[in-house]
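One gets the numbering used here by counting positions in the sequence shown from 1 and adding 41 to each. For reference, the structure discussed in these notes is given below.
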Amino acid sequence: MINAGVDVVMAVEGDFNMYVEGVLNGVLSGVISQERIDDAVRRVLKQKFRIGLFDNPFPDVTLIPKIGIQAHRDVARQAVRESLVLLKNENNILPLKKDARIVVVGEFGNNSGLQSGGWTVNWQGMTENYAGATTLLEGIRKISAHEVLYDPTGAADSDQVGVAVIVVGETPYAEFMGDIGGVMNKYQHTLTEEHQKLIETYHVKGLKTVVVLISGRPLVVTKQLEQADAFVAAWFPGSEGDGIAEVLFGDSDFKGKLPHSWPASVEDYEGKKYGPNFWDPSTKPLFPFGFGLTYHS
42 MINAGVDVVM
52 AVEGDFNMYV
62 EGVLNGVLSG
72 VISQERIDDA
82 VRRVLKQKFR
92 IGLFDNPFPD
102 VTLIPKIGIQ
112 AHRDVARQAV
122 RESLVLLKNE
132 NNILPLKKDA
142 RIVVVGEFGN
152 NSGLQSGGWT
162 VNWQGMTENY
172 AGATTLLEGI
182 RKISAHEVLY
192 DPTGAADSDQ
202 VGVAVIVVGE
212 TPYAEFMGDI
222 GGVMNKYQHT
232 LTEEHQKLIE
242 TYHVKGLKTV
252 VVLISGRPLV
262 VTKQLEQADA
272 FVAAWFPGSE
282 GDGIAEVLFG
292 DSDFKGKLPH
302 SWPASVEDYE
312 GKKYGPNFWD
322 PSTKPLFPFG
332 FGLTYHS
């Protein structure tokens, strides 16, 4: 890594002390030259001098009141609106009508921690609500002309509603902790059985369903796409969940396009069939790189 030209190693997976010892031994043995170390240190120091870090080594505390100001939240909400990818919109169920009777389903629909992902409030994110954020449920309630029912478990009486917005996805993660089949052994290529059941439950009821997927990567949701009337890939939207609601109601159109092709099955991950644009030409993705519907397509 050092010989490849990396000057600053921000994070080391595993034993940090072992890494430091390995670099030191590399220098002592000549595998890493002293000139290479000096070269890296010189560039790091140059940048620190350039930004005045040795004259003013501490953050400007007068800027603290600007954290979370409305202007910054407006930009964050814009990013949410423009990153949403519409994968399906059967019979133009979207945009939602403001006078529709709506139920928001799933704990992800009212949890700012779950919608924010890793490297946010904490390194690995969090699973609880935090101050200053808005959830999708809150955003829908701001816009809807009627009372919006909330059903966190899929067990509520929904006889009086016409549309179910079902929010499912992955719990937050960062780096190797979120690897599928990795150290946490809690992530998979598909939705959890609980989340699959949420969609199945409302599909069986015969309600119009809009599925919003909160995730950091494409998941295999082929069956769930078939069950849903509309399907939105929302990624990890962060603190501004109301940005999703604004697009669902048509206050803004969908602009997002897939940055990665979307797998049709778990088998697509095997044998290097799955890549940014499916490098195996014999494998057809469910959605290609760059796909994304709008209200006018």
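All residues carry an ideal CB built from backbone N, CA and C; glycine is no exception.
* Endpoints, the alpha helix (DSSP H) within which Lys129 is located -> Along the sequence shown, read from residue 1 onward, the residue named residue 129 stands at position 88. Segment 126 to 130 is the beta strand (DSSP E) holding Lys129; no alpha helix (DSSP H) there.
* **Helix, strand or coil at Ala274 according to DSSP, with G and I counted as helix** => Here residue 274 refers to the residue found at position 233 of the sequence shown. Ala274 sits in a strand when the DSSP states are folded into three classes.
* Which term fits Leu94, buried or exposed, when burial requires 16 or more other beta carbons within 10 angstroms of its beta carbon? -> Translated into the one-based positions of the sequence shown, residue 94 becomes position 53. With fewer than 16 other CB atoms across the displayed protein chains lying within 10 angstroms of its CB, Leu94 is exposed.
* Asked: Hey, Phe295 and Val273: beta-carbon distance below 9 Å or not?
  -> Mapped onto the sequence shown, residue 295 falls at position 254. Mapped onto the sequence shown, residue 273 falls at position 232. Taking 9 Å as the cut-off, the beta carbon of Phe295 is found closer than this to the beta carbon of Val273.
* **Inside the region 144 to 172 only - beta strand (DSSP E) runs reaching at least 3 residues** => If we require 3 residues or more, the region 144 to 172 turns out to have no beta strand (DSSP E) run fully inside it.
* **heavy atom of the ligand FAD below 8 Å from Gln88 C-beta** => Within the structure as shown, the ligand FAD is missing, as the structure has no ligands at all.
* Between which two residues does the beta strand (DSSP E) harbouring Ile78 extend? -> Along the sequence shown, one-based indexing puts residue 78 at 37. Not the beta strand (DSSP E): Ile78 falls in the alpha helix (DSSP H), residues 75 to 91.
* Return the chain-ordered list of same chain residues with a C-beta closer than 6 Å to the C-beta of Gly282, the five sequence neighbours on each side being excluded. => Taking the first residue of the sequence shown as 1, we reach residue 282 at position 241. Gln156, Thr175, Thr176, Leu177, Gly180, listed in sequence order.
* Check whether the Cβ atoms of Gly159 and Ala215 sit closer than 9 Å, and answer yes or no. => Translated into the one-based positions of the sequence shown, residue 159 becomes position 118. Translated into the one-based positions of the sequence shown, residue 215 becomes position 174. At the C-beta level, Gly159 and Ala215 come within 9 Å of one another.
* Asked: Fully enclosed by the region 185 to 228, which beta strand (DSSP E) runs are 3 residues long or longer?
  -> Here the runs fully enclosed are 190 to 192, 204 to 210.
* **Simplified DSSP assignment, three categories, for Phe332** => Locating residue 332 in the sequence shown gives position 291, where the first residue counts as 1. In the structure shown, Phe332 sits in coil (DSSP, three-state: anything other than H, G, I, E or B).
* **Straight-line Cα distance separating Pro329 from Asn318** => Taking the first residue of the sequence shown as 1, we reach residue 318 at position 277. Taking the first residue of the sequence shown as 1, we reach residue 329 at position 288. Low per-residue confidence applies at Asn318: pLDDT is 49, beneath 50, and the placement is therefore not dependable, though the value from the model is reported in the following sentence. Approximately 7 Å between the Cα atoms of the pair.
* Those residues which DSSP pairs with Lys246 across a bridge -> Numbered from its first residue, the sequence shown carries residue 246 at position 205. According to DSSP, Lys246 bridges with nothing at all.
* Asked: Are the region 218 to 228 and the region 100 to 111 in contact at 8 Å, needing three or more beta carbon pairs?
  -> Cβ pair count under 8 Å is below three, so no.
* Contact under 9 Å by Cβ, Val144 with Val209 -> Within the sequence shown, the letter at position 103 stands for residue 144. Within the sequence shown, the letter at position 168 stands for residue 209. No, they are not a contact pair.
* Integer-rounded CB distance, given that Ser199 should sit under 8 Å from Lys139 -> In the sequence shown, the residue the question calls residue 139 occupies position 98. In the sequence shown, the residue the question calls residue 199 occupies position 158. Rounded, the Cβ-Cβ distance is 19 Å, inconsistent with contact.
* Asked: What distance in whole Å lies between the Cβ atoms of Gly284 and Gly333, which are believed to be in contact at a cut-off of 8 Å?
  -> By one-based count along the sequence shown, residue 333 stands at place 292. By one-based count along the sequence shown, residue 284 stands at place 243. That belief does not hold up - the Cβ atoms of Gly333 and Gly284 are roughly 16 Å apart, past 8 Å.
* Asked: DSSP puts Ile255 in a beta bridge; with which residues?
  -> Your numbering for residue 255 matches position 214 in the sequence shown. Answer is Gly210.
* Three-state class that DSSP yields for Pro317 in the structure shown -> As a first step, residue 317 is located in the sequence shown; it is residue number 276 there, counting from the start. Low confidence applies to Pro317: its pLDDT is 49, below 50, so where it sits in the model is not reliable enough to give any reading.
* Contact under 9 Å by Cβ, Glu169 with Gly154 -> Taking the first residue of the sequence shown as position 1, residue 169 is located at position 128. Taking the first residue of the sequence shown as position 1, residue 154 is located at position 113. Yes.
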